[in-house]
Amino acid sequence: MTETAQLEFEMRFAGSAGAPGSEAVRALMAGYRPEAGVHDEMMAEDGRPRAHWLPLLNLLAGLGPNEVRRRFALADRHLADAGVVYRVYGDETGAERPWPLSHLPLVLAEADWSTLAAGVVQRAELLEAILADLYGPADLVRQGHLPAALVAGNGEFLRPLVGVKPAGGHHLHVYAADVTRGPDGRWWVLGDRTQAPSGAGYAIENRIALSSRGLPDVFRALRIERLTRFFQALRSGLAKASGRDEPRIALLSPGPANETYFEHAYLARVLGFLLVEGGDLSVRGDQVWLRTVEGPIRADVILRRLDADFADPLELNAHSRIGVPGLMQAVRAGTVVIANALGAGLVEAPALMPFLPALSRHLLGEDLRLSNLATWWCGDPDARAAVIGDIRAKALAPAFGRTLRGTLDNMGVNGADLSREDLKRLIAAMERRGTDFVGQEPVRLATTPVFERGRLQPRPFALRVFAVRGPDGWTVMPGGLCRISDRPDARALSMQRGGRSADVWVATGAVPEPSLLVPDPDQVEIRRDTGALPSRAADNLYWLGRYLERTEATLRLARSLAGQTSDDGPDTGDGPSTRHVADLLAAWGATPFGLDDYAEIVREALGGTSVGAAPQLAREARRTASVVRDRLSPDAWRALADLTAVFPRPSSDRNETVGDVDRDGDEDEADLFAAADLGLRTIAAFTGLAHENMYRPSGWRFLDMGARIERAIAVARYARRLAEPEAGSNLLIRLLELTDSQIVHRARYISGPSVKTVLDLVLLDETHPRSAAFQLDRLVEHLTHLSSRHDGRADDAARAALRLAALLKSADPAEFDADMIMDVEIRLMKLSDAITRRYFGESAGEEPADEIGPGGGSMGETGGP
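For the sequence shown, position 822 matches number 1127 in the numbering used here, and the numbering has no gaps at all.
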């Protein structure tokens, strides 16, 4: 930005009510006291706000405290609604945690940002050159620029790849640097991220939360640089590296248990990548193939988000269950681009830092633009002696970034914080194997403002800056991921150890050009195919449909039982149909056997821990959906989150309100009925979103097939239990209620229900959307379509569905008995097995791990209750 533009930019806000020096701004900054000797981003040394912060402070002051709080609540609501979460390793519950947002962005001046961005690009080029040498001629070691022990002692040095040039020509495609400022305001690099840098997806969500939800008018007024060019460069750079016009790009994730799985799914969805896990890929003929429902297809580019050591259990870590056997051979053959290349984590090592200034002059012919945190590698005897001699003034860390078991974790420790005994043990370990340790100058992180209890407070921060290799070189994200500690004295940061994140605003003053995360629409050819569907994704979509339908069945039974004393119920008190429904819930696995109190039975079904209880089924549905989150809209995901919130927690502490339902641990029939009703409406909302908004290729078909087959099984079970030969009207009315068929039956028959008319409606009528025959017709339609896309012939699953549909079409309801209905149930389960064998690859004949069907058994080979 020119000086004229800068002056114009600042003058735009000079006359506002919150102008510099006004009471509103002074009130906003009252009590803000940065720590002495620490650089603060907002406040200069003279106690005044820095010029590039003034526009933001003026606008916030003009909003007033109440409006600011409301805006920040909107940003938090967006993150909650979008399901932005992360996991903490070591958390015994394994629970996802809400993504913590600091509502105030980190604001950087354009000139300052340009210096930082140039330094990040130089550092990426330097690390690329080091990797090319160490996996190539190794001149740096041969000529004495790097000690051999520093390379050979690093677990990230993959010897099988020495001499192998990566496909696409580069080791690094994505790079990130963790930086903060020193007391003089200069940027310092705390660490390099070359293995699989994370955080870019969270940076997008931070930006959306503030720029679109919390402070949209402020964001537009300040003319902040957009992030989209960065993601366009990532996508087009990977495409160029593949050498193909329309490459197939997969994002390889360790799976839903990973701390940043949300980000994997989010990036795959917004960038149009296939989200895959190791089990989705195989190597044949030196080529990586993706297992899909239509057969194996070639994978051209893999953007990996798992550590290299786990990538191939055949040649690397034999204990890995998340890698791709044979991947190293495909890498050697040059048939797949991997970003970043396996082995790129070698240059993340803190031990490399003290050598980088000299390596920059040697390899690039220029000094480093960004200084390192002062570091001593203890593999050098002189450096080790210097560190030990002044150990209480140093921070100690693992030399290669990995936890030293029983000695030092990967976050390191300050020598001043150690007891005499701990220091003695640590010094002994350093003298025994100094190559494993580095000493560093203890860092005092720069601070940035946060809102805390309605006031601005300084808190330590570190900034992660991202760069990607695009078609024309490196592109730096104009912003990044700012991580802020809740502790004023923090010296190291990790979201795993608490804290919050912030958006990063680069204030240019120029009107930003509108852009999209995807390529220019005018340069894209028209197509209607959404791409391949991995078998694992199909498997989970199928079971998502089944779990939701299974939850609905439990809710219908519980609602029916909760309303058994109403005037509209089939009978009152302990009538035969009421007892049958209670027995169905027990046989369904929703409640323990032996309960007699109907209210207690309903409470167990809606809040218990039995495998078929509604809360457990809803959580399984959400867990299964998390694996295919990239294929669900944000609205659909929110509906699933709402479903899990409907039910009371299985504990004595249930004092809460969900929707219109009061939870006090002592619900009456009306409360229980309302809870079941709310759950059913929430499932209907998800189903409506899926059917109206989900694109109709294979993914939607598997979701719908899962729901159809589960509904058909449930209807058959209801009919087998309630439509006995001598069933009275109460039982038949209950069956019509459970299958949502009362209105249709009343409109069709003047007389009351009979076994024949009810069975015809709920089992055999292919025009009734709740009947078993209707579900079979839809299954035939889906399976016929899927098999025709493969080779045009009906496969085993399609033929089984056709046979069963024909049986129902030709059946006489007067002849249907319990044995015939049981036969339909068994055929439906065998049809499910046939679908599994045909479409779900290596998981043939199995549900996703640890999945249990109603009644405690697998839904595969067993009959119903």
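Glycine is no exception: its CB is placed at the ideal position from the N, C-alpha and C atoms.
Since the model is a prediction, treat every value here as computed from it, not as a measurement.
Check your understanding: Which stretch, first to last residue, makes up the alpha helix (DSSP H) that contains R924?
Key -> A919 to V932
Point to revise | Backbone CA spacing between W942 and P559 [nearest angstrom] | key: 21 Å
Practice item. Kindly indicate which three-state DSSP category M1127 falls into: helix, strand or coil? Key: helix
Review point. Between which two residues does the beta strand (DSSP E) harbouring I554 extend?
Key: I554 to L557
Check your understanding: Is it buried or exposed for A1074, if we count other Cβ within 10 angstroms and need 16 for buried?
Key -> For the sequence presented, residue 1074 should be read as Pro rather than Ala. Under the 10 Å beta carbon count, P1074 is surrounded by fewer than 16 other beta carbons and is classified as exposed.
Check your understanding: Going along the chain, which unbroken runs of the alpha helix (DSSP H) with 4 or more residues stay wholly within the region 428-462?
Key -> Runs of alpha helix (DSSP H) with 4 or more residues, each lying fully within the region 428-462, are found at 444-447 and 453-457, listed in chain order.
Exercise for review: Determine, using beta-carbon pairs with one atom in the region 374-382 and one in the region 402-410, whether at least three such pairs fall under 8 Å.
Suggested key: Yes: the two stretches touch, three or more of their Cβ pairs being nearer than 8 Å.
Point to revise | With 16 other Cβ atoms within 10 Å as the buried cut-off, status of L669 | key: By the 10 Å Cβ count, L669 comes out exposed.
Point to revise | Three-state secondary structure (DSSP) of P465 | key: helix
Review point. Anyone know if the C-beta pair for A842 and V933 falls short of 8 Å?
Key: yes
Review point. If we ignore side chains and look at the alpha-carbon of each, how far apart do D489 and A508 end up?
Key: 27 Å
Exercise for review: Starting from the Cα of E568, find the closest Cα among R531, A1106 and P502 and give me that residue.
Suggested key: P502
Review point. Per the contact definition of three or more C-beta pairs closer than 8 Å, is the region 705-719 in contact with the region 618-629?
Key: no
Exercise for review: Confirm, please, whether the CB-CB distance from F991 to R864 is below 8 Å.
Suggested key: One thing to note: R864 has its Cβ no nearer than 8 Å to the Cβ of F991.
**Study point:** Assigned secondary structure, E736 (DSSP; H/G/I helix, E/B strand, else coil)
**Key:** helix
Check your understanding: Nearest CA to the CA of G496: which residue from R428, F535 and A437?
Key -> Measuring from the Cα of G496, the nearest candidate turns out to be R428.
Check your understanding: Hey, out of D617, T565, G650 and A546, whose CA is closest to V606's CA?
Key -> A546
Practice item. Provide the residue(s) that pair with M348 in DSSP beta bridges, ordered along the chain. Key: Beta-bridge pairing by DSSP links M348 to P354.
Check your understanding: Alpha carbon to alpha carbon, how far is D1045 from S931?
Key -> 30 Å
Review point. Using the beta-carbon count (16 or more within 10 Å), is T856 buried or exposed?
Key: With 16 or more other Cβ atoms inside 10 Å of its own Cβ, T856 counts as buried.
Check your understanding: Rounded to a whole number of angstroms, what is the C-alpha to C-alpha distance between L1043 and D947?
Key -> 23 Å
**Study point:** Of the listed residues D935, P370 and A341, nearest to V330 (C-alpha basis)
**Key:** P370
**Study point:** Whole-number beta carbon distance between L1068 and A1078, since they are thought to touch under 8 Å
**Key:** 7 Å
Point to revise | Segment contact flag, the region 379-388 with the region 515-525, C-beta cutoff 8 Å, min 3 pairs | key: yes
Exercise for review: Would you mind working out which of M633, A644 and E328 sits nearest G474, comparing C-alpha positions?
Suggested key: A644
Point to revise | Run of the alpha helix (DSSP H) containing F377, from where it starts to where it stops | key: P370 to D386
Exercise for review: Could you tell me the distance, in whole angstroms, from the CA atom of D844 to the CA atom of Y903?
Suggested key: 36 Å
**Study point:** Exposed unless 16 or more other CB atoms sit within 10 angstroms - verdict on A616
**Key:** buried
**Study point:** For S547, the first and last residue of its enclosing alpha helix (DSSP H)
**Key:** T533 to S547
**Study point:** Supposed contact pair R498 and S676 - C-beta distance, whole angstroms, cut 8 Å
**Key:** 18 Å between Cβ atoms; not a contact.
Point to revise | CA-to-CA distance, D550 to Y440, given in whole angstroms | key: 29 Å
Point to revise | Assigned secondary structure, E530 (DSSP; H/G/I helix, E/B strand, else coil) | key: coil
Exercise for review: Let me know the secondary structure DSSP gives P339 once reduced to three states.
Suggested key: The three-state reading of DSSP puts P339 in coil, since its state is none of H, G, I, E or B.
Check your understanding: CB-CB under 8 Å to H885, same chain, minus the five flanking residues each way: which ones, in chain order?
Key -> R1026, L1027, L1036 and R1039
Check your understanding: Tell me the DSSP bridge mates of C787?
Key -> L768 and A807
Check your understanding: From which residue to which residue does the beta strand (DSSP E) around A481 run?
Key -> V479 to R486
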